[in-house]
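Numbering (the working numbering), first residue to last: 95 to 619.
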């Protein structure tokens, strides 16, 4: 059984056998049901991740990517489920063409990532994991506040594309704020995937339909690109912070920036300053600025980064950051950051110390704004993650993975799982996780208090933003220290994420916390 504590900004749930937290209640409920039916944490996470595609189609879907971190039977692994750019991507593609439209999508990697996880660690038959998602897609899911706001904000772009218009703005789906969203095309695709596996997408009819839809709009994704797709199993990057091993996926994920922030903070006795003090916040802000400026050149296709650095993060860079806040160095050119408001995640843990987090996205809301109503799939716009600098390792080119904002984290203590940490929030994900993690590690805050505390973030131009709950006196004190921080407005709310995390205690007691900054739900049993 579980116990539940709801606060103003978070929901905390304890479980005896397992806990789940995700970006939507229906996904959490599906994962719990799988666990009750003798599935394991991987089965449960995949079932919940599939539901998220039906419930939050502006954020994730079969046309998107995923990253996963897994601690299972004592071994920690990372899975890169992101895709490459098309092999025929034009060399002279413009930034505007990469930001949205038919040339902005990479090969969708999420489904291949799910299948790789299940082949290695799943317990239940693959087809049993999709019943919940198929039912919601076919019969309808209540439109959440986040989805309703995204539909309103992107209505004109959705109307312009015939596929998106028929998926989201058909009369039966466009009849008021309390409506159900029905996606029969997606239901059919999920049924095909449940029967035939990922090949139904990468080599069969779903993929052919998508390539045809893109070609008709000027896209260059081809069946050869889909058929060649493979996710990447890898060892996570690790950094030891205050006696804990922080594990993240390597580039092309942004997650390495979390390790670099912690490296910068490691030489600072944060607990010498009050938790909500301007001094602590200023240290966190400076650490993030340094980490982004120094780490951005390393955020690129894994093969291109590995060709330059045999060890990531580079020890020399870590050492420099460990000294940087005490004797600040010039961080170099400020990095503009790509937007992303479209991300969803699910994390599951059991009392045996196993845990998994899957974070998935089509990047900005509704991705490329190119969809196919026959399959119900909306394509990502992940090529927006490429650099506009043609000399950069992350420069746009054919058959290359772009830098990717999805940044899960997993924390070990003495080889045992302690935390699963993930959040939406685009390029601000690692900034949110650094605040949550240091709140717990440096100040002894319970997970729900660390998540519920007011936060700061960066906008797309690198400007510092403080949530309105951070008082004007503290904001003024941070400004006086030389950091031009601004109080965020309602239009900035996406930058602060929605940390959905799990804590595994020393006696294997389990707690999941959902952050109500966006739709989220925790459950346990």
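All residues carry an ideal CB built from backbone N, CA and C; glycine is no exception.
Those residues which DSSP pairs with residue i across a bridge
| i | result |
| --- | --- |
| residue 85 | There is simply no residue 85 to check, as the chain begins at 95 and stops at 619 in what is shown. |
| residue 595 | 515 and 607 |
| residue 457 | 436 |
| residue 328 | 172 |
| residue 338 | 335 |
| residue 50 | Nothing about residue 50 can be reported from this structure: the residues present for the chain run from 95 to 619 only. |
| residue 116 | 440 and 615 |
| residue 154 | Answer is none; residue 154 lacks a bridge partner. |
| residue 621 | Lying outside 95 to 619, the shown extent of the chain, residue 621 is not represented and no answer is given. |
| residue 472 | 465 |
| residue 498 | 347 |
| residue 623 | A question about residue 623 goes unanswered here, because the residues of the chain that appear run from 95 up to 619. |
| residue 489 | 481 |
For residue j and residue i, believed in contact at Cβ under 8 Å, the rounded distance
| i | j | result |
| --- | --- | --- |
| residue 159 | residue 587 | Not really, about 24 Å apart at Cβ, beyond 8 Å. |
| residue 64 | residue 406 | Past the edges of the chain, shown from 95 to 619, lies residue 64, and the structure says nothing about it. |
| residue 450 | residue 162 | 6 Å |
| residue 532 | residue 592 | The Cβ separation is near 18 Å, so there is no contact. |
| residue 126 | residue 617 | 5 Å |
| residue 173 | residue 207 | 6 Å |
| residue 524 | residue 349 | 6 Å |
| residue 106 | residue 124 | The pair is not a contact, with the Cβ atoms about 21 Å apart (cut-off 8 Å). |
| residue 697 | residue 597 | With the chain covering 95 to 619 only, the question about residue 697 has no answer from this structure. |
| residue 610 | residue 108 | At roughly 18 Å, the Cβ-Cβ gap does not stay under 8 Å, so residue 610 and residue 108 are not in contact. |
| residue 351 | residue 386 | 6 Å |
| residue 353 | residue 535 | The pair is not a contact, with the Cβ atoms about 14 Å apart (cut-off 8 Å). |
| residue 504 | residue 212 | At roughly 19 Å, the Cβ-Cβ gap does not stay under 8 Å, so residue 504 and residue 212 are not in contact. |
| residue 394 | residue 474 | Contact flag wrong, Cβ pair sits at about 18 Å. |
| residue 365 | residue 537 | 6 Å |
| residue 295 | residue 223 | Not a contact, Cβ separation roughly 15 Å. |
| residue 447 | residue 510 | 6 Å |
| residue 136 | residue 215 | 4 Å |
| residue 247 | residue 134 | Between residue 134 and residue 247 the Cβ distance is about 38 Å, and since that is not below 8 Å, they are no contact. |
Cutoff 7 Å; reference residue i; Cβ partners in own chain excluding five residues on either side
| i | result |
| --- | --- |
| residue 227 | 144, 145, 147, 148 and 284 |
| residue 599 | none |
| residue 417 | 361 |
| residue 267 | 273, 275 and 276 |
| residue 155 | 147, 456, 471 and 472 |
| residue 311 | 196 and 464 |
| residue 209 | 291 and 292 |
| residue 563 | 548 |
| residue 122 | 114, 115, 116, 142, 615, 616 and 617 |
6 Å Cβ shell around residue i - same chain, five flanking residues per side excluded
| i | result |
| --- | --- |
| residue 603 | none |
| residue 281 | 228, 231 and 232 |
| residue 468 | 279 and 303 |
| residue 270 | Only weak support exists for where residue 270 lies, its pLDDT of 49 falling under 50; the value from the coordinates is given anyway. For residue 270, where only same-chain residues beyond five positions count, there are no Cβ hits under 6 Å. |
| residue 612 | 240 and 592 |
| residue 399 | 345 and 392 |
| residue 260 | 467 |
| residue 129 | 112 and 138 |
| residue 373 | 367 |
| residue 515 | 503, 527 and 595 |
| residue 568 | 372 |
| residue 332 | 339 and 341 |
| residue 244 | 152 and 459 |
| residue 319 | 180, 181 and 201 |
Sequence-distant residues of its chain with Cβ nearer than 8 Å to residue i (five each side left out)
| i | result |
| --- | --- |
| residue 419 | 358, 359, 361, 362, 377, 380, 381 and 384 |
| residue 589 | 519, 520, 522, 551, 552, 553, 559 and 582 |
| residue 298 | 286 and 290 |
| residue 220 | 209, 212, 288 and 291 |
| residue 607 | 104, 105, 106, 107, 115, 541, 542, 545, 593, 594, 595, 596, 597 and 616 |
Minimum Cβ-Cβ distance from residue i to chain C less than 8 Å
| i | result |
| --- | --- |
| residue 235 | Among the chains in the structure shown there is no chain C, since it carries only a single protein chain. |
Would you call the stretch 524-532 and the stretch 354-365 touching, i.e. three or more CB-CB distances under 8 Å? yes
Of all the alpha helix (DSSP H) runs that stay within the bounds of the stretch 259-316, which reach a length of 4 or more residues? 278-290, 293-296 and 299-309
Under 8 Å, with one C-beta from each stretch per pair, do the stretch 167-182 and the stretch 196-212 reach the 3-pair mark? yes
Could you give the uninterrupted runs of the alpha helix (DSSP H) lying entirely in the stretch 502-584, keeping only those of 4 residues or more? 523-535, 541-546 and 566-574
Pair every Cβ in the stretch 441-448 with every Cβ in the stretch 111-121, then say whether three or more of these pairs are closer than 8 Å. yes
Would the stretch 458-465 count as touching the stretch 243-255 if we require 3 or more Cβ pairs under 8 Å? yes
Every unbroken alpha helix (DSSP H) inside the stretch 341-419 [4 residues or more]: 350-359, 372-389, 396-400 and 409-418
Whether or not the stretch 482-489 and the stretch 305-318 are in contact is what I'm after, with contact meaning three or more pairs of Cβ atoms, one per stretch, closer than 8 Å; do they touch? no
Given 8 Å as the limit, is there contact between the stretch 361-373 and the stretch 323-330, that is, 3 or more CB pairs closer than that? no
My parser needs the alpha helix (DSSP H) runs of 4 or more residues fully inside the stretch 184-254; what are they? 189-193, 204-215, 225-233, 239-247 and 249-254
Count the CB pairs spanning the stretch 186-198 and the stretch 283-300 that are closer than 8 Å, and state whether there are at least three. no
Between the stretch 497-511 and the stretch 452-461, are three or more C-beta pairs nearer than 8 Å? yes
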